[in-house]
Amino acid sequence: MGAENKRMPLNRQQHRIKRSPSISSMAIMASIILGMILGVATASADVAENDFRYISYHDLLPTSDRFTDVNVTSFSRLLFDVARDQVIVGARDNLYRLSLHLDVRERSTWEVTPAMRTMCQDKGQSEESCRNYIMVLEAHGNRVYACGTYAFSPACSWRQMENLTVTRYDKGVAKCPFSPAANNTALMSDSGRLFVGTTTDFSGSDPAIIRADVSQESARMLRTNQYNSKWLNDPQFVGSFEKGEFVYFLFREAAVEYINCGKIVYSRIARICKNDPGGTQILKDNWTSFVKARLNCSLPGDYPFYFNEIQGMVYSQEEGVLYATFTTPENSIHGSAICAYNMSAIHAAFSGAFKYQDSLGSAWHRQDAQHRDHYECNAGPTARHVSLLDSSKYQLMDQAVQPITGQPLHHTQLERFGHVAIDVIPTKLHERVHVIYVATDAGLIKKISVLPRTKSTCVVEIWRPELSLESRIRTIQYVKETDSLYVGTDTALSRISSQHCNRHLSRVSCLNSMDPYCGWNELQEACTIAPNGDTLAKYWIQNATECPVLTAPVDGGWSAWSEWGRCAQASGGQALGAGDDFGANMDSCQCRTRTCDNPSPKNGGRSCTGMNIAVTNCTVHGGWTDWSAWSACSQTCGMAVKTRRRTCGNPKPAHGGRVCVGPDRAEIYCSHLPPCPAPKQPPIDGAWGPWGVWGECSALCGGGYRIRRRKCDDPVPQNGGMECPGCHLDYEVCNTHACPDVKRAGAWTPWLTVSNGTLPNGGYIEKRFRFTCKAPIADSALLKISPKEETRVCLPDGSCQRSSDSAHSGSGAGTESEDGWSEWGSWSSCSASCGGGQQYRVRTCDKSDCEGANKMARACNTQPCKGEWGCWSDWSPCSVTCGLGTRTRSRQCLSMSGNVIFGNDCEGQSTQYDTCEMPSCDSFLGWGEWTEWSPCNTDGEKVRTRQCLIPTPDQKMCQGSDRELRKCQVEMSNEIPHALTAGASSVTTIVISVVLVVIGCCTASVFATMHMMKKKAKGIKAIQGSPCYGSYPNQYSSLPTKDYTDSQKPKRQSSFNGRNDAGGSKLLANGHTTLTKSNNVNGAVGNNTPKVLAKSFNDTDTATIKRNSHGLNNIRHARQLEMEEEKY
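Listed below in structure tokens is the structure:
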């Protein structure tokens, strides 16, 4: 029965249907009966579990890998990346990246938002359907393109192949179906174009074959003509593949050419060109190369029996063969078949005539088309318009694609096939043997070998990959690199080895299995695969030239052990039986069983040897051991006891057994023990008490600090307890406001005659001087000094009158007077009890403007305070590099001011010692010295190494690593950002200017003072306790004077007269060189006349003017001197 014989009955059947409906019914019934009769000769789908070819779920587990995840279902999409040893798995709401042995590498959750899920349910969909089911999973380069239903709102995303990181999201409409129940197929070409067959709307009524350039983000798509049943008529897509310039789609649909005679479903194969440009005006955005043909898979005969509905497909690129599974309709008697097609048969069908219908309702007939280049992907621009017209007319080919063998390779009744996979392997006698793996709707997987010579098929093994019969097989794919079949179901993804040779324990059983993967290894005396892949090895025997021998004796083999379960226990520890029918308080064991059905002994084969039940964890009731010897007394003094013990371990109660009854400990008192001394108190570690109040600020203004203290008294360390950690002092900045201006004025000098007898009435002019200081500082020792003078006019009778504007400075300052001050108040209490404090007194101004400060301070309680401990330093490095050593830390005894006190003024130890443990010295045995640290590498690390000096070290030698790394220290940049520098420069300039002015004033004063002091014979001791004690050792400073004569002598002489020396200057009795009033005002010029404000320094003598920073303290004395002067 050749291909021609099979085609002709089909055509005859069509013609007869047109002529007589009654004959049509008879033909259909005859086809069904013929199918049932022929199906009896094939292997039954209802395989008994005692068939040695059947492998149960438990028996598959030892040679399989399995991946599951909690609350995750529908493992339906697999994308293998063999180069990276990984498989990308698409499931509900999740994407997984697993190794080829199903070890988890990454999980990427892609769940629907609650709002989207609610919206989906509001549209009438079930809660289970309103999830994100992965329906498209394709690779392009090192990226993955994944699409999901996303609660009936399809969405797509580009991800990295190595970590599933989302790089871009994409719209999923027309690329992914809305419903998870829809059948779709997708294929990604090398150019990054996605070819997909799917429904494109919410209701699923608009199916299409679409091309989308997803890698270029192009919005243009090509598709089949919309709502045109001659192109697609409710298709159910099964799969797709590419070959050369074409992409092929396989699907089943309602046959439009049969519509005049009723409804029937045909299997189709459609072809399109990858580079189809699409139409412009005619067939705009539609395919111009779309054609489809029927796939024929039928049993030959006068009335062929057709398996019309394709369910699964796989294309072998190496063989160029297409394998597909077909079934009868769902509502008919179930039957399935496997057919194989080569590419030459497919090409022949697409190269033939078209099937065309002139008008709606007319008969379909054969028609040739003259312009076919555009169907072959090479249409020129001149034939463009004609080709578009043909594309709109012709889509269906007249001839069907016929299988290679003219009939199905394998068919069966009462069974429905689904997904299919294929492997091609060499055997002992043939170079290429095809092995087909097909899934059934009963949850089984059949391994079927195709005999090369006869093209007949043999069922070699039958697997049950899932324990639950309700778990649906959603995909199967064979991977040659692991020689495994990957099975995706509703609940798990499994990797099942293609061979189970170790099931066959004897040579006869091994050879009778006719498994193309297995042979008898005479060296190992076992059934194995080809040693090292060498099928021609002489000691490996194989004769897989026919189907398995089912009539030969089959020795039994044990199944896998069942799960452990509770079983009853009889006396003596024997198990009675499994189950929970006995009481909960009854003694029990844990049991597991196995059966001799892998395979079952058959046709006189030997039964299994060994136990079919394993028992463990039986109930054991506890028993007491013997009493131990009496222990020693619990203590050596006072009241004590001694004890003895026994344990419930003879035997120990286990697995629900009763515990021993009675005490496990006995006691008696110890007598004649001496009384105990007072117990040693346990150590109590110290803890800090609350912080005290803040002390007084160290500065009244300009920024100081203050201190608060706490004590280690909550509780105090006792009985050797640890000291409190941390420091007992806390510092804080205070009084940061700017200081007010402080003024100080020195005492006036005696009156000095500057113009004797020059006035018309014979009077003269006298002047006196003093120094004043004024500055906005807190420390009076830093005051700036400026000279001031006062002038008065004296009459010849000795009475004098001060000028109203006489008080001025050398720089022309305004009038200042000290008059108006009240007497100083009493001194305040000292601010510190030790270590140096301050006390103050104040005065009030009785007029509107007073000269000087209203507050005076002095030091008090300068005796040193008892020291206080500072904070502990960090622990020092350990004293040894290995083994046990010591480390230390120290603290310093500080005064109240924070200075270190040398001596033992603080209570306690200044140094603490602690034990430290370094790595064992054994870790250095055998090692040489470390090398110097290498320069920093690009990673910012330094490296040093050492070598083991022992050629063959044992476990104690050369322990540890021979290489060390450490981070390089990053040097901080000294560059200051330009913006900060610019901002700070202005502030710095102002501060420097102020400082330079202050320094200039002080420097000028110091140089003037030094010049005046050169002619002093002896210095006057500074007043003890003066704030300027170290700065001004003399109370007077020298000023230049000018000779002044007066023709009239005053009536009374000043009390400051003295004897003349040779130089013409007056010497006081105390030996200091001081200007006085002259006793001889009528003398010659230059004789005992003072020189005041000389124009030339060389023509002047010097006068010493009293200078004292304690003018405020001696104000009363100064006023007395002034009143005494005014008498004259």
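Number 1787 in our numbering belongs to position 541 of the sequence shown; there are no gaps in the numbering.
Idealized CB from N, CA, C, for every residue including glycine.
First through last residue of the alpha helix (DSSP H) which encompasses proline 1360: 1360-1368
Would you kindly report the start and end of the unbroken beta strand (DSSP E) that includes leucine 1341? 1340-1345
Give me, in chain order, the residues of the same chain whose beta-carbon lies closer than 6 Å to that of cysteine 2124; leave out the 5 immediate sequence neighbours on both sides. Gly2131, Arg2133, Cys2162 and Met2164
On the CB-based measure, 16 or more other CB atoms within 10 Å of its CB, does threonine 1470 come out buried or exposed? buried
So what's methionine 2203 in DSSP terms, helix, strand or just coil? coil
Would the segment 1713-1720 count as touching the segment 1764-1780 if we require 3 or more Cβ pairs under 8 Å? no
What residues in its chain sit with their C-beta under 6 Å from that of glycine 1418, if we drop five residues either side in the sequence? Cys1393, Pro1400, Ala1401 and Cys1402
Between which two residues does the beta strand (DSSP E) carrying phenylalanine 1596 extend? Element bounds for phenylalanine 1596: not the beta strand (DSSP E) but the alpha helix (DSSP H), 1589-1597.
Proximity below 7 Å, CB of isoleucine 1510 to CB of alanine 1516: no
Work out the CA separation of serine 2122 and serine 2219 for me, nearest whole Å. Per-residue confidence for serine 2219 stands at a pLDDT of 45, beneath the threshold of 50, marking its modelled position as unreliable; the derived number appears in the next sentence. So the alpha carbons of these two residues sit roughly 30 Å apart.
When the Cβ atoms of the segment 1809-1816 are set against those of the segment 1845-1852, are three or more pairs found closer than 8 Å? no
Using only the alpha-carbon positions, how far apart do tryptophan 1937 and methionine 2102 sit? 33 Å
At the level of alpha carbons, what is the spacing between aspartate 1492 and lysine 1520? For clarity, residue 1492 is phenylalanine in the given sequence; the question names aspartate instead. Going by the C-alpha atoms only, they are around 6 Å apart.
Identify which residue in Lys1692, Ser1320 and Gly2206 has its Cα closest to the Cα of leucine 1739. Ser1320
Buried or exposed: which applies to methionine 1434, given that a residue is buried once 16 or more other Cβ atoms fall within 10 Å of its Cβ? buried
Across which residues does DSSP place serine 1695 in a beta bridge pair? Val1681 and Cys1704
Once DSSP output is grouped into helix, strand and coil, what is the label at proline 1929? coil
Same chain, Cβ closer than 6 Å to isoleucine 1528, five either side skipped, listed in chain order: Leu1634
Residues near proline 2181 in its chain [Cβ-Cβ closer than 8 Å; skip 5 each side]: Lys2188
Among the candidates Trp1876, Gly1903 and Ile1930, whose CA atom is the shortest distance from the CA of cysteine 1916? Trp1876
My understanding is that leucine 1642 touches phenylalanine 1600, with C-beta atoms under 8 Å, so please give their C-beta distance in whole angstroms. 7 Å
May I ask which residues mark the beginning and end of the alpha helix (DSSP H) holding cysteine 1756? 1753-1758
Rounded separation between threonine 1444 and arginine 1514 - CA only: 15 Å
Applying the 10 Å Cβ sphere with the 16-neighbour rule, what's the burial state of histidine 1665? buried
In this structure, does DSSP put histidine 1750 in helix, strand or coil? coil
Within 10 angstroms of the Cβ of cysteine 1507, are there 16 or more other Cβ atoms? Answer buried if so, exposed if not. exposed
Indicate whether the contact test is met: 3 or more Cβ pairs, each with one atom in the segment 1857-1877 and one in the segment 1892-1900, closer than 8 Å. yes
Would you please state the rounded distance, in angstroms, between the beta carbons of arginine 2192 and tryptophan 2176? I believe it to be under 8 Å. 5 Å
Using DSSP bridges, identify the partner residues of proline 1897. According to DSSP, which records beta bridges pairwise, proline 1897 is partnered with nothing at all.
Exposure label - glutamine 1815; buried when at least 16 CB within 10 Å: buried
Assigned exposure category for asparagine 1430 - 16 Cβ within 10 Å defines buried: buried
Check whether isoleucine 1722 and alanine 1667 have beta carbons under 7 Å apart: yes
Quick test of your reading: cysteine 1854 and glycine 1802, contact by CB under 8 Å. State the CB separation rounded to the nearest angstrom. 4 Å
Measuring straight from C-alpha to C-alpha, what distance separates alanine 1595 and histidine 1620? 16 Å
From Val1962, Thr1839, Ile1584 and Val1679, pick the residue whose C-alpha is nearest to that of glutamate 1792; which is it? Val1679
If you reduce the DSSP assignment to three classes, tell me which class serine 2057 lands in. Interpretation of serine 2057 is limited by its pLDDT of 41, a score under 50 that renders its predicted location unreliable; no figure is taken from the coordinates.
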